[in-house]
Amino acid sequence: MVAGLHLRGLWDKPQLQGISRQKGDPWVSILRLSALRNVLTKARLRFFRGVMKMDIHPTVEMSLSAKMDMTFPKGVHIGECTYVAFNARILTHDRTRGLYVHTHVGKNCFLGGESLIMPGVTIGDNCVIGAGSVVTRDVPARSIVAGNPAQIIREGIEVGPYGRFLDADETERQIRDTDPSAADLPSRLAR
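One rule links them: number in our numbering = place in the sequence shown (from 1) + 641.
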């Protein structure tokens, strides 16, 4: 009920006043689904932190399909401004060996889609984990790792919040300034 009231109030926000509310308008459906996804994601993070007692910083962003180990939930530790992408999994136990250990992900990290973080692994601050990677060993801070098993691709990288490369915005601006046809670059990149 509360989520429904929150969503109904969303349409009164000034940012959405110019949006058509005609029946059958696809943008209205897209915005409603997006708002619902955001509400569900925030509720899920509150559940992980409050009920399951996972150590997840309030600024963490997580896909709805990301999976946390519920067998030993207190072993999940995720630092501030970290993004956990779709179907990424963080494990804290290995029943075959009877292990229940703490798994740490540092701050300003990005865990790519379908990545798997094995029990007991520590990922340092400012790291990027490639999509589909299986991380079996500790990852040093400021590194990019990828593969199965994950190997260090590059060290000494500079990333900002959520593992975003600091020069990504600057590169886009330089392209736009030097190439007049690149004025619509963000819309072309979104395709």
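Every residue gets a Cβ at the ideal spot worked out from N, C-alpha and C, and that includes glycine.
About 6 Å separates the beta carbons of L686 and I697, which is inside the 8 Å limit, making them a contact pair. Residue range 744-746 is occupied by the beta strand (DSSP E) that includes T744. Each residue's CA atom was taken as its position, placing F751 and W668 some 29 Å apart.
It is roughly 10 Å from the alpha-carbon of K694 to the alpha-carbon of H718. Looking at the DSSP output, F751 shares a beta bridge with Y724, V769.
The beta carbons of N767 and I798 sit about 7 Å from each other, so the pair counts as a contact at 8 Å.
Take the alpha-carbon of N789 and the one of R673: they are about 38 Å apart.
Around the C-beta of A726, 16 or more other C-beta atoms lie within 10 Å, and the residue is accordingly described as buried.
Between T723 and V701 the beta-carbon gap is near 5 Å, inside 8 Å, which marks them as a contact.
The beta-carbon distance between G765 and V780, rounded to whole angstroms, is 6 Å. This is short enough to meet the 8 Å contact definition. Taken in chain order, the stretch 674-701 contains no complete alpha helix (DSSP H) segment of 4 residues or longer.
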